[in-house]
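Asks: Before I ask anything, let me first share the structure, which is written out below as structure tokens.
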Amino acid sequence: MLVCLPLFHNAGISAAILPSLLVGATCVVHSGSFNPDEVLSTVERYGVTVAHWVPTMLAKLMSHPDLKKYQCPSLKKIHYGSSTISDVVLDACLKFFKADFYQVYGQTETGMVLVLKPEDHTDKSRFTGRAMCMADVRVVDDAGRDVKSGGVGEIICKQRPLGMEGYYRLEKMTDETIRNGWIHTGDLVRVEENGYYTLVDRSKDMIISGGENIYCKELENVMSEYPGVEEVSVFGIPDDMWGEAVCAAIVPKNGQKLSQEEIIDFCASRLSSYKKPKVVEFRDELPKNASGKVMKKLLKDPYWAGRTKRV
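Residues in the sequence shown are numbered consecutively from -11, following my numbering.
Shown next, in the form of structure tokens:
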């Protein structure tokens, strides 16, 4: 098992170190920043059979200019999760690695609760997964009622047996998160048929523009398909007329020159008009935490400075 995630991360401990110890497997712990050459060389050197990467790491691997010099034939299983993955990156991974892919969803608070198995990656790869063994999940609306197939709501998870006891010395936060034995994740998912779920957005990241709900993941998937886009993060910014407007922060591939107009036009050709970005900013990199997740708050804060109320 190759461990590239911090050991304070749920995936680093719960999905890598502990399972390996339980079955007597060897863990190869990769320290330092994520370097595609070092990681792929490590896989080939040690004959790694299982790896757990976050989408940001997979994107870096797939965009590596010397990717073709590696084959990684020992890899049998690749687990990914922690944040959403673009269709472009996932398709590239499925073509390059001759391994079974498992998408896992969960939080430190809930444990791993959803999984998308290898056989699902043929026609259901847009889904997030189905409930794992021992996981009890529901999708509810603001009134706590179960959402029917096709609807969007917050995914909540039964506290027992996989969830946390609570936040250490944070009783108020614990009471807000755990209600009647259910852990409220703050994640919005769509209920699909046959027990599948699709992660749509974080409730706090959803953009409301002119009364319309706009899900960042949908826009990020579309923009990721545009040639020259390496990474993209979508978030809401204040707008005096519409309440919020869509802003996209983009990292171009290999320093390519892209324009705001071409990105907006591309989105307009694939999305409803109200979903297209009003502002596009280009960056050398996106701010990320130690787990590889984009820190959207750092992108949003300059736009919301001085605002006492967020729409």
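C-beta atoms are modelled at their ideal positions from N, C-alpha and C, and glycine is treated no differently.
1. For the beta strand (DSSP E) containing Trp230, list its first residue and its last residue.
2. Could I get the ranges of all uninterrupted alpha helix (DSSP H) runs contained in the segment 235 to 288, with 4 residues as the minimum, in chain order?
3. What's the gap between the Cα of Tyr90 and the Cα of Gly294?
4. From Val140 to Ile202, what distance separates their C-alpha atoms?
5. Pick out whichever of Val268, Met(-11), Lys241 and Phe(-4) has its Cα sitting closest to the Cα of Ala4.
6. For Arg148, which residues in the same chain have their Cβ closer than 8 Å to its Cβ, ignoring the five residues on either side in sequence?
7. Measure the Cβ-Cβ separation of Ser19 and Tyr58 and say whether it is below 9 Å.
8. Figure out for me which residue from Cys15, Ser51 and Asp54 has the closest Cα to the Cα of Gly35.
9. With Thr165 as the anchor, note down where its beta strand (DSSP E) starts and where it stops.
10. In the DSSP assignment, find the alpha helix (DSSP H) that holds Cys204 and state where it starts and stops.
11. What does DSSP give as the partner residues of His(-3) in its beta bridges?
12. What is the rounded straight-line gap between the Cα of Glu218 and the Cα of Arg126?
13. Taking the alpha carbon of Thr110 as the reference point, which residue from Glu180, Lys65 and Leu82 has its own alpha carbon closest?
14. When DSSP labels each residue in this structure, what does Phe85 get in the three-state scheme?
15. Specify the secondary structure class of Met45 as computed by DSSP and reduced to three states.
16. Find the nearest neighbour of Gln244 within the set Ala87, Val128, Pro215 and Ala39, judged by alpha-carbon distance.
17. State the Cα-Cα distance for the pair Ser51 and Glu269, rounded to the nearest angstrom.
18. Phe223 bridges to which residues according to DSSP?
19. By Cβ distance below 7 Å, which residues in the same chain neighbour Ile252 in space, the five residues on each side in sequence not counted?
20. Assuming Asp75 and Asn209 are in contact, meaning their beta carbons sit under 8 Å apart, how far apart are those beta carbons, in whole angstroms?
21. Considering only C-alpha positions, which residue in the set Pro(-6), Met45 and Ser71 is nearest to Leu176?
22. Kindly indicate the opening and closing residues of the beta strand (DSSP E) around Leu63.
23. Of all the beta strand (DSSP E) runs that stay within the bounds of the segment 98 to 131, which reach a length of 3 or more residues?
24. May I have the straight-line CA-CA distance separating Thr116 from Ser137, to the nearest angstrom?
25. Report the CB separation of Ser221 from Leu287 in whole angstroms; it is logged as a contact under 8 Å.
26. What span of residues does the alpha helix (DSSP H) with Leu55 cover, start to end?
Replies: Concretely, from the data shown:
1. Trp230 -> no beta strand (DSSP E), and no H or E assigned at all.
2. 248 to 256
3. 43 Å
4. 12 Å
5. Met(-11)
6. Gly169
7. no
8. Cys15
9. It is not in any beta strand (DSSP E) - Thr165 instead sits in the alpha helix (DSSP H) that spans Glu159 to Thr165.
10. Cys204 to Ser212
11. Answer by DSSP bridge pairing: none, since His(-3) is not bridged.
12. 35 Å
13. Leu82
14. coil
15. helix
16. Pro215
17. 21 Å
18. Cys235
19. Lys264, Pro265 and Val268
20. 6 Å
21. Ser71
22. No beta strand (DSSP E) contains Leu63, which DSSP labels as neither H nor E.
23. 99 to 104, 117 to 119 and 125 to 128
24. 15 Å
25. 6 Å
26. No alpha helix (DSSP H) holds Leu55; DSSP gives it neither H nor E.
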